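Enquirer:
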Amino acid sequence: MARKRSSAGRLTRRSFIQRLTFFGGGVVLLGSTACKRPAEEPAQAAAAPPPVENSPHATFTGLELATMAAACERILPRDEDPGARDANVPAYIDRILQTPELKQMKADFLQGLAALERRSRSMFKKGFVEATPEQQDELLTIFKDSGEGTGEGHFYEILVVLTLEGFLGDPSYGGNKDRVGWRLVGFDTVGTVAMAPPEGYDGPKCLRECGDHR
Amino acid sequence: MTKDAVDICIIGSGAGGAPMALELGRAGFKVVVLEKGAHYKPKDFVHDEILNSRRNFFMPLPWEEPHLWRQGSSGRYERTNSAWTANCVGGGTVHMSGYFYRLKPVDFRLRSTLGEVKGANLADWPISYEEFAPFYDKAEAELGVSGEARPHPFAEPRSGPYPLPPLDVHPIAKEIDRVCGEMKWNSLTTARGIISKPYRGRSACSYCALCGSYGCEMGAKSGTNASVIPAALATGNVELRPKCMARSIEVDKEGRARSVVYLDADGVEQEQPAKVIVVSCTAVESARLLLNSTSSRFPKGLANGSGLVGRNLMFSSFGESRATFRISKQKASRPWLTAPDPFVNRSIQDFYLMPDERFGFRKGGTLGFMWTHPNPIFAAVGLAGSGKEGVFGKELKDRMRAYRDSRILQFEVYGEFLATPGTYVTVEPGVKDKYGIPVAAITMDRHPKDFAATRFLVERGEEVLARLDPDDIERVGVAGETTILQHGTCRFGKDPATSVLDKDCRAHEVPNLYVVDGSFMPSAGSVPSTLTIAANSFRVASQLVRKLKKG
Ligand SMILES: Cc1cc2nc3c(=O)[nH]c(=O)nc-3n(C[C@H](O)[C@H](O)[C@H](O)COP(=O)(O)OP(=O)(O)OC[C@H]3O[C@@H](n4cnc5c(N)ncnc54)[C@H](O)[C@@H]3O)c2cc1C
Ligand code: SF4
Numbered sequence: 099m100a101r102k103r104s105s106a107g108r109l110t111r112r113s114f115i116q117r118l119t120f121f122g123g124g125v126v127l128l129g130s131t132a133c134k135r136p137a138e139e140p141a142q143a144a145a146a147p148p149p150v151e152n153s154p155h156a157t158f159t160g161l162e163l164a165t166m167a168a169a170c171e172r173i174l175p176r177d178e179d180p181g182a183r184d185a186n187v188p189a190y191i192d193r194i195l196q197t198p199e200l201k202q203m204k205a206d207f208l209q210g211l212a213a214l215e216r217r218s219r220s221m222f223k224k225g226f227v228e229a230t231p232e233q234q235d236e237l238l239t240i241f242k243d244s245g246e247g248t249g250e251g252h253f254y255e256i257l258v259v260l261t262l263e264g265f266l267g268d269p270s271y272g273g274n275k276d277r278v279g280w281r282l283v284g285f286d287t288v289g290t291v292a293m294a295p296p297e298g299y300d301g302p303k304c305l306r307e308c309g310d311h312r
Numbered sequence: 010m011t012k013d014a015v016d017i018c019i020i021g022s023g024a025g026g027a028p029m030a031l032e033l034g035r036a037g038f039k040v041v042v043l044e045k046g047a048h049y050k051p052k053d054f055v056h057d058e059i060l061n062s063r064r065n066f067f068m069p070l071p072w073e074e075p076h077l078w079r080q081g082s083s084g085r086y087e088r089t090n091s092a093w094t095a096n097c098v099g100g101g102t103v104h105m106s107g108y109f110y111r112l113k114p115v116d117f118r119l120r121s122t123l124g125e126v127k128g129a130n131l132a133d134w135p136i137s138y139e140e141f142a143p144f145y146d147k148a149e150a151e152l153g154v155s156g157e158a159r160p161h162p163f164a165e166p167r168s169g170p171y172p173l174p175p176l177d178v179h180p181i182a183k184e185i186d187r188v189c190g191e192m193k194w195n196s197l198t199t200a201r202g203i204i205s206k207p208y209r210g211r212s213a214c215s216y217c218a219l220c221g222s223y224g225c226e227m228g229a230k231s232g233t234n235a236s237v238i239p240a241a242l243a244t245g246n247v248e249l250r251p252k253c254m255a256r257s258i259e260v261d262k263e264g265r266a267r268s269v270v271y272l273d274a275d276g277v278e279q280e281q282p283a284k285v286i287v288v289s290c291t292a293v294e295s296a297r298l299l300l301n302s303t304s305s306r307f308p309k310g311l312a313n314g315s316g317l318v319g320r321n322l323m324f325s326s327f328g329e330s331r332a333t334f335r336i337s338k339q340k341a342s343r344p345w346l347t348a349p350d351p352f353v354n355r356s357i358q359d360f361y362l363m364p365d366e367r368f369g370f371r372k373g374g375t376l377g378f379m380w381t382h383p384n385p386i387f388a389a390v391g392l393a394g395s396g397k398e399g400v401f402g403k404e405l406k407d408r409m410r411a412y413r414d415s416r417i418l419q420f421e422v423y424g425e426f427l428a429t430p431g432t433y434v435t436v437e438p439g440v441k442d443k444y445g446i447p448v449a450a451i452t453m454d455r456h457p458k459d460f461a462a463t464r465f466l467v468e469r470g471e472e473v474l475a476r477l478d479p480d481d482i483e484r485v486g487v488a489g490e491t492t493i494l495q496h497g498t499c500r501f502g503k504d505p506a507t508s509v510l511d512k513d514c515r516a517h518e519v520p521n522l523y524v525v526d527g528s529f530m531p532s533a534g535s536v537p538s539t540l541t542i543a544a545n546s547f548r549v550a551s552q553l554v555r556k557l558k559k560g
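Same order as they appear, the protein sequences are chains Z and L.
Each position in the first sequence, counted from 1, maps to that position plus 98 in my numbering.
Each position in the second sequence, counted from 1, maps to that position plus 9 in my numbering.
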């Protein structure tokens with residue numbers, strides 16, 4: 099799944115993000131992964147695909163979901179503070195990848211997950227879910243370090259970004275359960291009152307209805 | 010379908026487009042504003058980081074509407090979403106931070122001040138600061154700007170105080186004042202396009218902290234969506250058409266602009282004829298629109314017989330460092346550290362222009378101090394890093410816990426960005442956006458003096474940070490560019506051989522075509538430019554109204 103990318107004169111990810119962060123706020127950080135999108139994919143009608151067969155989940159099969167959840171938990175493991183599972187990050191990722199605009203990201207993510215599973219079987223003779231936490235970390239580190247131009251590196255990047263979105267995003271998207279993520283980074287105290295959306299706010303609905311410029 | 014002709018058709022409703030609509034509407038002319046984005050209302054602006062900052066609520070997704078970016082003319086293009094501002098009614102002024110500075114007199118005569126600079130394409134403005142200043146007054150009053158003028162060596166002359174008193178600031182601002190005083194530098198109040206008191210029916214800022222990169226649900230941020238557009242609509246002469254994407258400007262046999270062809274909200278092609286056409290899509294996107302508007306009369310793009318449309322692109326040179334204060338360590342000596350006030354609003358302009366070349370440059374810029382943005386996902390993605398330096402697991406969580414124990418003060422540099430022959434916008438016919446329109450392609454070749462200046466400014470900013478006794482100082486970068494500040498692609502000037510627009514921002518080659526975003530600026534100044542764009546638009550509008558009334 100390695101993607102060919104030009105190297106000469108390419109901006110590093112850092113300088114790319116740097117250009118996006120001015121005036122504070124990290125405008126559309128999604129861009130760093132989005133950028134790797136292959137050329138000219140025909141625009142698809144905005145209908146969300148039906149749930150995967152034999153799976154109660156929106157995006158993943160049961161095994162995929164378990165693999166993804168295990169990987170998220172290694173990114174943010176439970177210790178004295180809650181981890182990715184405690185915050186319902188897997189549910190967030192399962193749902194958010196239904197966003198029509200993230201179709202390519204979903205395909206990349208599923209491909210990456212399959213690669214992670216294959217690599218686990220070849221290295222440890224067992225699936226990622228059954229591997230020990232140390233083995234899981236070893237694998238994720240390989241993916242992390244495999245470089246910007248690689249599919250593995252790309253998958254790792256999406257995994258981290260989506261895990262952090264699920265951990266620290268508005269709870270109406272299904273993650274950040276009981277605001278555990280916000281509490282971990284102090285978002286509940288830094289600024290003030292008025293920082294979070296009002297009670298009853300429905301982020302996913304806004305994303306569907308007004309966060310769409312067509 | 011061809012619509013009924015109107016007096017003026019304006020493309021884009023942001024800092025440049027909106028003031029034109031207001032002034033022409035007030036003068037009784039029939040105006041249509043075409044805006045590619047949606048018309049959000051204050052209730053649409055909620056503090057949801059995913060919606061506002063990480064999806065296409067404001068900015069297009071790079072795979073639907075990419076910009077191309079390359080380093081040097083032999084570099085390979087990369088798709089990016091940089092160099093976009095918000096696409097909605099109000100444009101980039103909706104989610105801006107509202108740092109509202111004026112240019113200085115020297116910015117209007119940079120060429121005569123610096124002389125010939127090798128490798129740079131400098132030009133003086135065809136007007137002076139003094140001619141321009143009344144329109145700064147006007148823009149500050151119409152939009153609503155809070156500030157306080159403090160004297161300093163590069164202070165630009167003002168006719169009076171700001172329309173509104175300065176916003177409340179965090180106690181750290183006093184510390185910055187103190188250490189600047191120790192160094193004999195001038196700590197200035199950063200003027201903001203945010204109203205500190207109720208103003209013209211708008212309510213004051215509630216200091217909610219999520220400001221830049223969000224819309225303001227109070228209507229206190231002085232985006233044109235909250236100020237100028239409602240006033241324009243109230244004239245009864247302005248029709249705003251959101252979700253209408255201009256594709257090209259058509260010309261008649263005499264080479265006058267005849268109409269704008271656009272795709273409406275349903276994707277249906279429409280044609281809007283007008284006596285005068287005003288373009289204000291941002292400097293990058295306006296160049297793209299003109300370059301895509303080819304005809305037998307203008308085979309290289311509208312108003313581009315000179316080949317200058319898209320040339321002389323300038324952003325703003327960027328550098329940044331951060332100082333971290335650990336709350337647990339500093340709380341005893343600085344109990345005010347955790348005060349919730351979101352604003353710092355301090356700037357330093359002592360290095361705006363250096364007396365000589367001792368440090369490798371003369372034109373420097375501005376340092377603006379602020380707390381880092383509290384967006385938690387954005388912050389955590391930064392903490393996770395990437396590649397070999399990236400971390401996950403316990404290490405990442407430890408960093409997140411340390412972040413909770415921190416207040417992080419940063420400065421941004423707004424440095425001079427000299428125009429060079431190698432930095433420009435073209436269109437790439439082979440790469441199209443979701444509308445099927447060829448996209449803008451940006452080629453970068455920065456001038457070395459700007460890097461010297463930016464590094465110098467970062468070092469000065471770090472001296473300030475260091476004197477504040479933080480627990481840690483981290484340099485973020487010294488060689489970036491702020492691509493949301495865009496200028497120069499249709500320079501104004503006296504000579505049609507060296508400029509696209511005349512002194513009134515009318516195209517030399519097309520007598521009823523105006524461009525009023527940052528494109529006109531022959532030098533970008535070393536401050537964020539939105540107030541200047543709005544002021545210029547008020548200036549152009551006043552000339553145009555006068556001209557149209559004469560017939
Ligand atoms: C996150 C952020 C923070 C910022 N903070 C500051 C700040 O603190 N201080 C400052 O001075 N500046 C700031 N800026 C920059 C500021 O937004 C711009 O300088 C300013 O908006 C430029 O004005 P403009 O008229 O050129 O473009 P805009 O205000 O962006 O308006 C252009 C409009 O044209 C529309 N448009 C484009 N193409 C078409 C088309 N083909 N058809 C129809 N409509 C079209 C767009 O949708 C948009 O609404 C910030 C920008 C961003 C993104
Ligand atoms: S209330 Fe004040 S701080 Fe909040 S978004 Fe509006 S202007 Fe910014």
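The C-beta atom is built at its ideal place from N, Cα and C for all residues, glycine as well.
Only a predicted model underlies this, so the values are computations on that prediction, with no experimental measurement involved.
1) Any C-beta of chain Z sitting closer than 7 angstroms to the C-beta of Phe307 of chain L?
2) Return the CA-CA distance between Leu238 of chain Z and Ala169 of chain Z, expressed in angstroms with no decimal places.
3) What in chain L is Cβ-close to Pro175 of chain Z, meaning under 8 angstroms?
4) Where does Cys18 of chain L sit, in a helix, a strand or coil, going by DSSP?
5) Could you check the C-alpha separation between Glu248 of chain L and Gly301 of chain Z for me, to the nearest Å?
6) Answer with yes or no whether the minimum CB distance from Lys242 of chain Z to chain L is below 7 angstroms.
7) Helix, strand or coil: which one does DSSP assign to Thr11 of chain L?
8) Count the other C-beta atoms from every protein chain shown that fall within 10 angstroms of the C-beta of Ala227 of chain L, then say buried if there are 16 or more, exposed otherwise.
9) Leaving out five residues on either side along the sequence, give the residues of the same chain with a beta carbon under 6 angstroms from the beta carbon of Cys253 of chain L.
10) Cβ of Met227 of chain L versus every heavy atom of ligand 3: is any distance shorter than 6 angstroms?
11) If you follow the alpha helix (DSSP H) that Ser220 of chain Z is part of, which residue opens it and which one closes it?
12) Within 10 Å of its beta-carbon, does Thr165 of chain Z have 16 or more other beta-carbons around it, so buried, or fewer, so exposed?
13) What residues in the segment 51-80 of chain L bring their beta carbon closer than 8 angstroms to a beta carbon of chain Z?
14) In whole angstroms, what separates the C-alpha of Thr233 of chain L from that of Gly23 of chain L?
15) I'd like to know whether the C-beta atoms of Pro172 of chain L and Ala150 of chain L end up nearer to each other than 7 angstroms.
16) Where do the N-terminal and C-terminal ends of the beta strand (DSSP E) with Ser325 of chain L fall, by residue?
17) Below 9 angstroms on C-beta distance, what does Asp179 of chain Z contact in chain L?
18) Roughly how many angstroms lie between the CA atoms of Pro149 of chain Z and Gly25 of chain L, to the nearest whole one?
19) With 7 angstroms set as the bound, which would you pick, yes or no: does the beta-carbon of Phe253 of chain Z sit closer than that to a beta-carbon of chain L?
20) Counting only Cβ-Cβ distances shorter than 9 angstroms, please list the residues of the segment 359-391 of chain L near chain Z, keeping chain order.
21) Does DSSP classify Asp454 of chain L as helix, strand or coil?
22) Based on Cα-Cα distance, which residue from L:Arg484, L:Val55, L:Thr429 and L:Arg408 lies nearest to Ser222 of chain L?
23) Residues of chain Z with CB closer than 8 angstroms to the CB of Ser342 of chain L, please, in chain order.
24) Answer with buried or exposed for Met10 of chain L, where buried requires no fewer than 16 other C-beta atoms within 10 angstroms of its C-beta.
25) First and last residue of the beta strand (DSSP E) that includes Lys441 of chain L?
26) Given Leu176 of chain L, which residues of its chain have a CB within under 7 angstroms of its CB, disregarding the five upstream and five downstream residues?
27) So, is the C-beta of Ala169 of chain Z closer than 7 angstroms to a C-beta in chain L?
28) Is any beta-carbon of chain Z found at less than 7 angstroms from that of Ala393 of chain L?
29) For the segment 357-416 of chain L, which segments carrying the beta strand (DSSP E) assignment without a break, of at least 3 residues, lie completely within its bounds, in sequence order?
30) Less than 7 angstroms between the beta carbons of Asn521 of chain L and Ala158 of chain L, yes or no?
31) Hey, Ile238 of chain L and Val98 of chain L are a contact pair by Cβ (cut 8 angstroms); roughly how many whole angstroms apart?
32) Spatial neighbours of Cys220 of chain L within its chain, please: CB distance less than 8 angstroms, with the 5 preceding and 5 following residues excluded, ordered by chain position.
33) Taking just the CA atoms, how far does Pro537 of chain L sit from Pro479 of chain L?
34) Tell me whether Phe67 of chain L sits in a helix, a strand or coil according to DSSP, three-state version.
35) Pop quiz: Pro438 of chain L and Leu266 of chain Z are said to be a contact at Cβ under 8 angstroms. What is the actual Cβ separation, rounded to whole angstroms?
36) For Glu425 of chain L and Phe226 of chain Z, what's the separation of their Cα atoms in angstroms?
Expert: Once the coordinates are examined:
1) Locating residue 307 of chain L in the second sequence gives position 298, where the first residue counts as 1. Taking Cβ atoms only, chain Z never reaches closer than 7 angstroms to Phe307 of chain L, which makes this a no.
2) Start at 1 with the first residue of the first sequence, and residue 238 of chain Z comes out as number 140. Start at 1 with the first residue of the first sequence, and residue 169 of chain Z comes out as number 71. Rounded to the nearest angstrom, the gap between the Cα atoms of Leu238 of chain Z and Ala169 of chain Z is 8 angstroms.
3) Here the question's residue 175 of chain Z lines up with position 77 in the first sequence. Going along chain L in sequence order, the residues near Pro175 of chain Z (Cβ under 8 angstroms) are Gly402, Lys403 and Lys406.
4) Taking the second sequence and counting its residues from 1, one reaches residue 18 of chain L at position 9. In the three-state scheme derived from DSSP, where H, G and I count as helix and E and B as strand, Cys18 of chain L is classed as strand.
5) By one-based count along the second sequence, residue 248 of chain L stands at place 239. By one-based count along the first sequence, residue 301 of chain Z stands at place 203. Cα to Cα, Glu248 of chain L sits roughly 31 angstroms from Gly301 of chain Z.
6) Working through the first sequence from its first residue, we reach residue 242 of chain Z at position 144. Chain L places a beta carbon closer than 7 angstroms to that of Lys242 of chain Z, counting this residue as a contact.
7) Here residue 11 of chain L corresponds to residue number 2 of the second sequence, with the count starting at 1. Secondary structure at Thr11 of chain L: strand, using DSSP grouped into helix, strand and coil.
8) Numbered from its first residue, the second sequence carries residue 227 of chain L at position 218. Ala is not the amino acid found at residue 227 of chain L; the sequence shown has Met there. Taking all protein chains shown into account, Met227 of chain L has 16 or more neighbouring C-beta atoms within 10 Å of its C-beta and is therefore buried.
9) The residue you call residue 253 of chain L lines up with position 244 of the second sequence. If we look at Cys253 of chain L and ignore the five residues flanking it on each side, its Cβ neighbours are Leu43, Tyr271 and Asp273.
10) You won't find ligand 3 in this model; what it holds is ligand 1 and ligand 2.
11) In the first sequence, the residue the question calls residue 220 of chain Z occupies position 122. Where Ser220 of chain Z is concerned, the enclosing alpha helix (DSSP H) stretches over Lys201 to Phe222.
12) Counting from 1 along the first sequence, the entry for residue 165 of chain Z is found at position 67. So Thr165 of chain Z ends up on the buried side.
13) For the segment 51-80 of chain L, which is checked against every Cβ of chain Z, the residues closer than 8 angstroms are Asp53, Val55, His56, Asp57, Glu58, Ile59, Leu60, Ser62, Arg63, Arg64, Asn65, Phe66, Phe67, Met68, Pro69, Leu70, Pro71, Trp72, Glu73, Trp78, Arg79 and Gln80.
14) Along the second sequence, one-based indexing puts residue 233 of chain L at 224. Along the second sequence, one-based indexing puts residue 23 of chain L at 14. Rounded to the nearest whole angstrom, the C-alpha separation of Thr233 of chain L and Gly23 of chain L is 6 angstroms.
15) Here the question's residue 172 of chain L lines up with position 163 in the second sequence. Here the question's residue 150 of chain L lines up with position 141 in the second sequence. Taking 7 angstroms as the cut-off, the Cβ atoms of Pro172 of chain L and Ala150 of chain L count as close.
16) Counting from 1 along the second sequence, the entry for residue 325 of chain L is found at position 316. Looking at the DSSP string, the run of the beta strand (DSSP E) that includes Ser325 of chain L is Met323 to Arg335.
17) As a position in the first sequence, residue 179 of chain Z is number 81, starting the count at 1. From the beta-carbon of Asp179 of chain Z, the residues of chain L found nearer than 9 angstroms are Lys406, Met409 and Arg410.
18) The count along the first sequence starts at 1 and reaches residue 149 of chain Z at position 51. The count along the second sequence starts at 1 and reaches residue 25 of chain L at position 16. Note that Pro149 of chain Z scores a pLDDT of 48, beneath 50, so its modelled location is shaky; the value from the coordinates is reported in the next line. When only Cα atoms are considered, Pro149 of chain Z and Gly25 of chain L end up about 46 angstroms apart.
19) Here the question's residue 253 of chain Z lines up with position 155 in the first sequence. By the rule that beta-carbons nearer than 7 angstroms mark a contact, Phe253 of chain Z does not touch chain L.
20) Within the segment 359-391 of chain L, the residues whose Cβ lies closer than 9 angstroms to any Cβ of chain Z are, in chain order, Met379, Trp380, Thr381, His382, Pro383, Asn384, Pro385, Ile386, Phe387, Ala388, Ala389, Val390 and Gly391.
21) The residue you call residue 454 of chain L lines up with position 445 of the second sequence. Correct three-state label for Asp454 of chain L: coil.
22) Along the second sequence, read from residue 1 onward, the residue named residue 222 of chain L stands at position 213. The shortest CA-to-CA distance from Ser222 of chain L to any of L:Arg484, L:Val55, L:Thr429 and L:Arg408 is the one to L:Val55.
23) Position 333 of the second sequence, counted from the first residue, corresponds to residue 342 of chain L. Ordered by position in chain Z, no residue passes the 8 angstroms Cβ test against Ser342 of chain L, which lies about 20 angstroms from the chain.
24) As a first step, residue 10 of chain L is located in the second sequence; it is residue number 1 there, counting from the start. It is exposed - the Cβ of Met10 of chain L has fewer than 16 other Cβ atoms within 10 Å.
25) Your numbering for residue 441 of chain L matches position 432 in the second sequence. Tyr433 to Lys441 is the extent of the beta strand (DSSP E) around Lys441 of chain L.
26) Looking up residue 176 of chain L in the second sequence gives position 167. If we look at Leu176 of chain L and ignore the five residues flanking it on each side, its Cβ neighbours are Ser155, Arg201, Ile203, Ser205, Cys214, Phe352 and Asn354.
27) What you label residue 169 of chain Z is simply residue 71 of the first sequence in a count that begins at 1. No, no contact with chain L.
28) Walking along the second sequence from the start, residue 393 of chain L turns up at place 384. Yes, its Cβ sits closer than 7 angstroms to a Cβ of chain Z.
29) The segment 357-416 of chain L contains these whole beta strand (DSSP E) runs: 374-380.
30) The residue labelled residue 521 of chain L in the question sits at position 512 within the second sequence. The residue labelled residue 158 of chain L in the question sits at position 149 within the second sequence. No, the Cβ-Cβ distance between Asn521 of chain L and Ala158 of chain L is not below 7 angstroms.
31) Numbered from its first residue, the second sequence carries residue 238 of chain L at position 229. Numbered from its first residue, the second sequence carries residue 98 of chain L at position 89. Their Cβ separation, rounded to whole angstroms, is 6 angstroms, which keeps Ile238 of chain L and Val98 of chain L in contact under 8 angstroms.
32) Within the second sequence, the letter at position 211 stands for residue 220 of chain L. A distance below 8 angstroms between beta-carbons, with the five flanking residues on each side excluded, links Cys220 of chain L to the following residues of its chain, in chain order: Ser106, Gly107, Ile203, Lys230 and Pro351.
33) Here residue 479 of chain L corresponds to residue number 470 of the second sequence, with the count starting at 1. Here residue 537 of chain L corresponds to residue number 528 of the second sequence, with the count starting at 1. Roughly 27 angstroms separates the two Cα atoms.
34) Within the second sequence, the letter at position 58 stands for residue 67 of chain L. Here DSSP, grouped into helix, strand and coil, assigns Phe67 of chain L to coil.
35) Working through the second sequence from its first residue, we reach residue 438 of chain L at position 429. Working through the first sequence from its first residue, we reach residue 266 of chain Z at position 168. With 8 angstroms as the limit, Pro438 of chain L and Leu266 of chain Z do not qualify as a contact, their Cβ atoms being about 41 angstroms apart.
36) Residue mapping note: residue 425 of chain L aligns to position 416 of the second sequence, counting from 1. Residue mapping note: residue 226 of chain Z aligns to position 128 of the first sequence, counting from 1. Distance between the alpha carbons of Glu425 of chain L and Phe226 of chain Z: 52 angstroms.
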